[in-house]
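Chains as they are written, first to last, in the working numbering: chain R, 11 to 121; chain V, 1299 to 1412. Beta carbons are placed, not taken as given, at the ideal position from N, Cα and C, and that holds for glycine.
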Amino acid sequence: LAKTTQPISMDSYEGQEVNITCSHNNIATNDYITWYQQFPSQGPRFIIQGYKTKVTNEVASLFIPADRKSSTLSLPRVSLSDTAVYYCLVALYSSASKIIFGSGTRLSIRP
Amino acid sequence: EAGVTQFPSHSVIEKGQTVTLRCDPISGHDNLYWYRRVMGKEIKFLLHFVKESKQDESGMPNNRFLAERTGGTYSTLKVQPAELEDSGVYFCASSLGGVGEKLFFGSGTQLSVL
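Shown next, in the form of structure tokens:
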């Protein structure tokens, strides 16, 4: 199973760019990298997914180096409402049971 | 578009009782998943439906848990009899595509077994 390692917590301030890095040394050829955001008392919410290089959407950017053993979620100009837990998942397209959420990164944004 | 709906949002029961959790996925989503987080632990996969069929139930902890998805629409997860260690948050998710596709989660059911 491809496990992921992320920092347990991070702090930042409003207006800053936040980068959360995830290690996935055992990523397989068919695995995609997916990030979810979770607020208290809610289910996780999809942020972004990528396979290699860079992916950008209206919420975030995802940077994946050539060896794909890590990935970085970049949140531009964070606000207080970005305070949440962020999960990095390595998604194997063949089996739901092999998608592991891990501990996530608790991001705290201060004024 | 309505999201994934779970009912109830909270349930408090005594050890030995039965509880049934319900999940209504997004209309048209053939794939439905159950996950749970027990106290202090990570979110863990329980099982995956494709329409009414169980595609993968390898995460179900034991035979006290029974999941159904009659007609391929809503799903229920029954715990009978409930034990103290079953306490936690049970999440349901659905997706349009298969495994690895974007998951849409409900807000979860907080189950407390006393």
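As assigned by DSSP and simplified to three states, the class of residue i
{"i": "Leu1345(V)", "result": "strand"}
{"i": "Thr31(R)", "result": "strand"}
{"i": "Ser1356(V)", "result": "coil"}
{"i": "Glu1381(V)", "result": "coil"}
{"i": "Ala106(R)", "result": "helix"}
{"i": "Gly1369(V)", "result": "helix"}
{"i": "Asp21(R)", "result": "strand"}
{"i": "Leu1412(V)", "result": "coil"}
{"i": "Leu90(R)", "result": "helix"}
{"i": "Thr61(R)", "result": "Per the sequence presented here, residue 61(R) reads as Tyr, with Thr not at that position. Here Tyr61(R) sits in coil by DSSP."}
{"i": "Gly1386(V)", "result": "strand"}
{"i": "Ser1392(V)", "result": "strand"}
{"i": "Asn36(R)", "result": "coil"}
{"i": "Arg55(R)", "result": "strand"}
{"i": "Thr1303(V)", "result": "strand"}
{"i": "His1327(V)", "result": "coil"}
{"i": "Gln47(R)", "result": "strand"}
Residue i, buried or exposed, once every other Cβ within 10 Å from all chains shown has been counted against 16
{"i": "Leu1382(V)", "result": "exposed"}
{"i": "Ala38(R)", "result": "exposed"}
{"i": "His1308(V)", "result": "exposed"}
{"i": "Leu1325(V)", "result": "Per the sequence shown, the amino acid found at residue 1325(V) is Ser instead of Leu. Exposed: under 16 other Cβ atoms inside 10 Å."}
{"i": "Ser19(R)", "result": "exposed"}
{"i": "Gly1314(V)", "result": "exposed"}
{"i": "Thr1407(V)", "result": "buried"}
{"i": "Leu102(R)", "result": "buried"}
{"i": "Ser1393(V)", "result": "buried"}
{"i": "Leu1344(V)", "result": "buried"}
{"i": "Leu1319(V)", "result": "buried"}
Residue of the options minimising C-alpha distance to residue i
{"i": "Pro86(R)", "options": "Ser71(R), Tyr97(R), Thr93(R)", "result": "Ser71(R)"}
{"i": "Arg55(R)", "options": "Ser113(R), Met20(R), Tyr97(R)", "result": "Tyr97(R)"}
{"i": "Phe111(R)", "options": "Gly1396(V), Gly1395(V), Phe1389(V)", "result": "Phe1389(V)"}
{"i": "Ala1391(V)", "options": "Gly1369(V), Gln1378(V), Thr1374(V)", "result": "Thr1374(V)"}
{"i": "Pro75(R)", "options": "Glu24(R), Gly60(R), Asn67(R)", "result": "Gly60(R)"}
{"i": "Trp1346(V)", "options": "Lys108(R), Thr66(R), Gly114(R)", "result": "For clarity, residue 1346(V) is His in the given sequence; the question names Trp instead. Of the listed residues, the one whose Cα sits closest to His1346(V) is Lys108(R)."}
{"i": "Thr1371(V)", "options": "Gly1357(V), Phe1363(V), Ser1393(V), Asp1322(V)", "result": "Asp1322(V)"}
{"i": "Thr31(R)", "options": "Pro17(R), Ile37(R), Arg120(R), Leu99(R)", "result": "Pro17(R)"}
{"i": "Asp1328(V)", "options": "Leu1401(V), Leu1412(V), Thr1407(V)", "result": "Leu1401(V)"}
{"i": "Thr1316(V)", "options": "Phe1403(V), Val1397(V), Leu1394(V), Ser1385(V)", "result": "Ser1385(V)"}
{"i": "Val1387(V)", "options": "Gly1338(V), Glu1312(V), Val1397(V)", "result": "Gly1338(V)"}
{"i": "Ser92(R)", "options": "Leu102(R), Thr14(R), Asn40(R), Ser22(R)", "result": "It is worth fixing the name first, because residue 92(R) is Asp in this sequence and not Ser. Out of Leu102(R), Thr14(R), Asn40(R), Ser22(R), Ser22(R) has the C-alpha closest to the C-alpha of Asp92(R)."}
{"i": "Asp77(R)", "options": "Pro121(R), Ser19(R), Asp41(R)", "result": "Asp41(R)"}
{"i": "Leu1330(V)", "options": "Thr1318(V), Pro1359(V), Gly1395(V), Glu1340(V)", "result": "Gly1395(V)"}
{"i": "Arg116(R)", "options": "Tyr103(R), Ala94(R), Ala106(R), Ser104(R)", "result": "Ala94(R)"}
{"i": "Asn1360(V)", "options": "Val1377(V), Asp1354(V), Glu1350(V), Ser1351(V)", "result": "Val1377(V)"}
{"i": "Val28(R)", "options": "Ser105(R), Phe73(R), His34(R), Ala106(R)", "result": "Phe73(R)"}
{"i": "Phe1403(V)", "options": "Asn67(R), Ser33(R), Phe49(R)", "result": "Phe49(R)"}
{"i": "Glu1355(V)", "options": "Tyr1333(V), Pro1379(V), Leu1412(V)", "result": "Tyr1333(V)"}
{"i": "Gly1357(V)", "options": "Ser1351(V), Lys1342(V), Glu1399(V), Thr1318(V)", "result": "Lys1342(V)"}
{"i": "Lys1352(V)", "options": "Gly114(R), Ser113(R), Pro121(R), Ala106(R)", "result": "Ala106(R)"}
{"i": "Leu1412(V)", "options": "Glu1340(V), Ala1380(V), Glu1399(V), Gly1398(V)", "result": "Ala1380(V)"}
8 Å contact criterion, which residue i and residue j should meet: CB distance rounded
{"i": "Ser1410(V)", "j": "Val1310(V)", "result": "5 Å"}
{"i": "Gln52(R)", "j": "Ser1405(V)", "result": "5 Å"}
{"i": "Thr15(R)", "j": "Val100(R)", "result": "Going by Cβ atoms, the distance from Thr15(R) to Val100(R) rounds to 11 Å, so no, they are not a contact pair."}
{"i": "Ser89(R)", "j": "Ile58(R)", "result": "Between Ile58(R) and Ser89(R) the Cβ distance is about 18 Å, and since that is not below 8 Å, they are no contact."}
### Task
Count the CB pairs spanning the stretch 34-50 of chain R and the stretch 64-83 of chain R that are closer than 8 Å, and state whether there are at least three.
yes
### Task
Report yes or no: do the stretch 1301-1317 of chain V and the stretch 1361-1371 of chain V share at least 3 C-beta pairs separated by less than 8 Å?
no
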